[in-house]
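Beneath this line is the structure, given in structure tokens, with notes to follow.
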Amino acid sequence: MVTVEDGRIVAADNACTLGEQKFLGEPRLKGPIQREGKGWKDITYDEAILRTVEMLRDAERPLLFGWSGTHVEAQCIGVHMAEVLRGVIDNTSSVCHGPSILAIQEVGHPGCTLGQVKNRADLVVYWGCNPIEAHPRHLSRYTRYAEGFFLPNDYLDRTVIVADIRKTETGNIADEFVQVTPGGDYAVLSALRAIVRGKRDIIPRSVAGVPREQLFRIADRCLNAKFIAFYFGLGLTMSRGKYKNVRNAIELVSELNRHTKATISAMRGHYNVYGSNEVNTWMTGYPFGIDFARGIAFYNPGETTAIDVLARRECDACLVVASDPAAHFPRACVEHLADIPTVVIDPYPNATTAFADIQIPVAVTGIDAAGTAYRMDGVPIRMRRVLKTDYPSDEEILGRMYAMLQEDHPP
Amino acid sequence: MRVTLQVKPRKKPFLPIEAETIVPAHFLDGTDLVVWKGNRELPLSDVFSVTVEGTAETADEVEITMRGDTSRIKRVGEYMEAGRIVIEDDIGMHCGNFMSGGTIEIGGNADGWLAREMRGGSIICRGNAGNYCASGYRGEKRGMTGGTVEVFGNVGDFAAETLAGGCVVIHGSAGDMAGTEMRGGTLRIEGDCTRVCGNMTAGTCYVFGTVHDMLPTFRRRGTAVHDGVTLTAFTGDIANRGKGNLFVRDYKYMD
């Protein structure tokens, strides 16, 4: 329940910590701003849109980055813009679960929706993720504390295994905590695959900090479970080995499917990062890091992804939509962002604002803009708005930019 | 025929140039070729000073020499079938993609994806090579299928990933996960590496240095002498029903 006073949200009941923060929000920009000398000046939306279009038109290799914090309809326009501009479009998954997608492209994705997990999973594995802090409702709605159709006694019926490099909050509520030496996930997953295949004799005394007996016990728990839900986070995707870790986890799950039912899913970050991957895939064939320079879509993470393009100083203009690269990217990337013309479309001033030339504030999807977002298991959900403000939506701003760009390239 | 391509200074030197047109066979019909700088198409002569000496009947008789800062020039020698390319300094990504014949010689360092999905011919790199040297493309099951790649320096991560044929020789050290998903061919690493040959199903890999963080899923088969050096022989990757051969001089597990 949301309480609105004088056009502002003053309370959000029953929201999780993250949701409450989103609803109550930080102070928002009142209108578009442009850098002038050492300060900022207010400009109109018309001026801001025109200047952004001029910047993008002049660029020989524009980068369009972000997209995961906005609705699907705006993301669609973004892909159209990248194609008309012949630029590079990338979303935040290249620094998040991009490696998961690379692994899925290699060996597939034995996944399922959250509802299946809630009603069926008697063994839940969290590998390299900490849902108590990052996905606060995951355990209560779908796993440890959720009553399911076939699991009426919630936590008594379910077993939880947590694997991480240190004991996290989630590790504290696990039935079994597996402490892996940093960078050792690949070896541990390989060992588990060999055990599930019946090759127990090959396993040494300990593998990356995990004793052989514990590996056998985990494998036995998996083999004796009726339905395993394997969830992994950035502990797998962003540690040494990246997508090969995820591939190994997927292949472990595939191997377990010879004995029982097992599924694997990623613990996604931004509320609509999955939507961004979906939009890019249905429009270009690739999920992120798409280079339209030659008029056709070319995809090669490591070359056409935002970090690489920025660190190698390969782009000459940047449009950031609904994201904050300056807060998350390496220093070399941020330095290049400061050197080239950069426009940010985001409701709130953030770290990237400090390196931008123009910022255009917009409505927030789910608060004062409606739109579609994909849940982390790939289910599209319509987000309604809870109040009306004068802010335009991302879709409206990008739609106007795209219309102006289309004038350059009449059909 | 000798073609010399001298790089001209560019206003935005960091923007990559895509120059898959630089292949010996294309110069048989003159030098009226195009390259791409970002989203703009440019004549070859805008980026290089082009000089041609002599004539040639076939691509075999064409030698291209590239001079100057070529570190941002991508896709040189892509789909090359014959002839010779000599790069005096560093070269950008994707040099020798899908190459099936001829020779590329790189005097400096090579960037990522050197010899990606190579089918034949030979590449010699005198300096270091970046990540994914002699590897495949994203999501592909087969990478390099033929030819030889020789790197005198070190290589980055994922060298010879999904190697399916041909021979890769690295005189220096390899980064993380060399020879991952290997299914054929030969990989030879003279220096050290980490987590070599994960998930391999076939093929042969020799490591004459130390393998750090050796994977626990390779079964020891005894010793073998190769080129006068006694190596420990392994079969794997057991996690993947693999029957690849891995020979290493020294190894350390991550326990």
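Residue numbers (this note's numbering), protein chains in the order written: chain A, 1 to 411; chain B, 1001 to 1255. Cβ atoms here follow ideal geometry from the backbone N, Cα and C, with glycine treated the same way. Nothing here was measured: the structure is a model prediction, and the numbers come from that model.
- If only uninterrupted beta strand (DSSP E) runs of at least 3 residues are considered, those enclosed by the stretch 1145-1221 of chain B are 1148-1151, 1167-1170, 1183-1189 and 1202-1214.
- For the stretch 137-166 of chain A, the full-length alpha helix (DSSP H) segments reaching 4 residues or more read 138-141 and 154-157 along the chain.
- Membership of residue 1004 of chain B in any alpha helix (DSSP H) is not indicated; the residue belongs instead to the beta strand (DSSP E) covering 1002-1007.
- For residue 1072 of chain B, the CB contacts under 8 Å within the same chain, skipping 5 residues up- and downstream, are 1013, 1014, 1015, 1016, 1017 and 1092 in chain order.
- At the C-beta level, residue 1189 of chain B and residue 1202 of chain B stay beyond 9 Å of one another.
- Any Cβ of chain B closer than 9 Å to the Cβ of residue 301 of chain A would place that residue at the interface, and such an atom is present.
- The C-beta of residue 1044 of chain B has 16 or more other C-beta atoms within 10 Å across all chains shown, which makes the residue buried.
- A direct Cα-to-Cα measurement between residue 68 of chain A and residue 329 of chain A gives close to 16 Å.
- Inside the stretch 301-357 of chain A, DSSP marks whole beta strand (DSSP E) runs of 3 or more residues at positions 317-321 and 342-345, from first to last along the chain.
- Any Cβ of chain B closer than 9 Å to the Cβ of residue 218 of chain A would place that residue at the interface, and such an atom is absent.
- In terms of beta-carbon proximity, residue 1098 of chain B stays away from the interface with chain A, with every pair separated by 9 Å or more.
- Rounded to the nearest whole angstrom, the C-alpha separation of residue 1242 of chain B and residue 1026 of chain B is 43 Å.
- Within the stretch 1027-1055 of chain B, the residues whose Cβ lies closer than 8 Å to some Cβ of chain A are 1036, 1037, 1038, 1039 and 1040, listed in chain order.
- Taking 9 Å as the cut-off, the beta carbon of residue 203 of chain A is found closer than this to the beta carbon of residue 1216 of chain B.
- Exclusion of the five residues before and after residue 150 of chain A leaves 119 and 120 as the residues of its chain whose Cβ lies within less than 7 Å of its Cβ.
- When the beta-carbon positions are compared, residue 66 of chain A and residue 320 of chain A come within less than 9 Å of each other.
- Taking C-alpha positions only, residue 1049 of chain B is separated from residue 1153 of chain B by approximately 30 Å.
- Interface with chain B (9 Å Cβ-Cβ cutoff): residue 186 of chain A is included.
- Of all residues in the stretch 1225-1245 of chain B, only 1237, 1238, 1239, 1240 and 1241 place a beta-carbon less than 8 Å from a beta-carbon of chain A.
- When 8 Å is used as the limit between beta carbons, residue 346 of chain A is near no residue of chain B, the shortest such separation being about 26 Å.
- Beyond the five residues adjoining it in sequence on each side, residue 1106 of chain B comes within less than 6 Å, by CB distance, of 1087, 1091 and 1125 in the same chain, given in chain order.
- Chain B places a beta carbon closer than 9 Å to that of residue 87 of chain A, counting this residue as a contact.
- Rounded to whole angstroms, the separation of the alpha carbons of residue 220 of chain A and residue 1035 of chain B is 58 Å.
- Residue contact with chain A for residue 1199 of chain B: present (Cβ-Cβ distance below 9 Å to some residue of chain A).
- Residue 1018 of chain B is bridged by DSSP to B:1036 and B:1074.
- The beta carbon of residue 204 of chain A falls within 9 Å of a beta carbon belonging to chain B, placing the residue at that interface.
- Annotation: the stretch 76-147 of chain A contains the following complete segments of the beta strand (DSSP E) (minimum length 3 residues), in chain order: 88-91 and 123-127.
- Closest option to residue 316 of chain A, judged by alpha-carbon separation, among A:333, A:323 and A:301: A:333.
- Inter-residue distance for residue 1064 of chain B and residue 1085 of chain B is about 5 Å (C-alpha atoms, whole angstroms).
- Checking the DSSP bridge columns, you'll see residue 1042 of chain B partnered with B:1035.
- At least one CB of chain B lies nearer than 9 Å to the CB of residue 181 of chain A.
- Across the set A:210, A:123 and A:40, the C-alpha of A:123 shows the shortest separation from the C-alpha of residue 263 of chain A.
- Only 1012, 1014, 1015, 1016 and 1018 from the stretch 1005-1019 of chain B bring a Cβ to less than 8 Å from some Cβ of chain A.
- Going by C-alpha positions, residue 385 of chain A is about 58 Å away from residue 1108 of chain B.
- In the DSSP annotation of this structure, residue 42 of chain A is not part of any alpha helix (DSSP H); the continuous beta strand (DSSP E) holding it starts and ends at 39-42.
- Going by DSSP, residue 1244 of chain B is part of no alpha helix (DSSP H) but of the beta strand (DSSP E) stretching over 1244-1253.
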